[in-house]
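To start, the structure under review is shown below, and the notes come after it.
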Amino acid sequence: MNTDKVRRPLVESDLVCSLIPDPDLSALDVFASAAGITRSEAARQIINEWLIANSYLPLPPWPNDDTSSLP
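Just so it is clear: in the sequence shown, position 24 is 40 by the working numbering, and no numbers are missing.
The structure is reproduced here in structure tokens:
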């Protein structure tokens with residue numbers, strides 16, 4: 017039996033867990049923290065990347081960049 021196939025998901029899972037400091041954080045929180053930006057700015061960057069990747073124009077700058085409006 018090839019044990020590499022059994023071990024590989026565990027190794028990848030351990031790596032992912034070690035990269036995320038707190039498992040209760042959302043991907044948006046992790047991205048914002050790593051980039052040193054607000055959650056609002058991180059959300060806008062993620063949306064813009066998706067829009068550009070799918071041949072749409074990016075969003076204009078948001079008028080209010082506070083995170084209180086985000087859940």
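Every residue gets a Cβ at the ideal spot worked out from N, C-alpha and C, and that includes glycine.
Beta-carbon proximity list for residue i, same chain, < 7 Å, skipping 5 on both sides
i   : result
R24 : Reliability of the predicted coordinates at R24 is poor, the pLDDT of 44 falling under 50, and no value is obtained from them.
Y72 : none
A51 : A58
Boundaries (first-last residue) of the alpha helix (DSSP H) holding residue i
i   : result
S56 : 55-69
L75 : Where L75 is concerned, there is no enclosing alpha helix (DSSP H), given that its DSSP letter is neither H nor E.
L44 : 43-51
Nearest-angstrom beta carbon gap, residue j and residue i [assumed within contact, 8 Å]
i   : j   : result
P77 : I68 : Their Cβ separation, rounded to whole angstroms, is 15 Å, which puts P77 and I68 out of contact at 8 Å.
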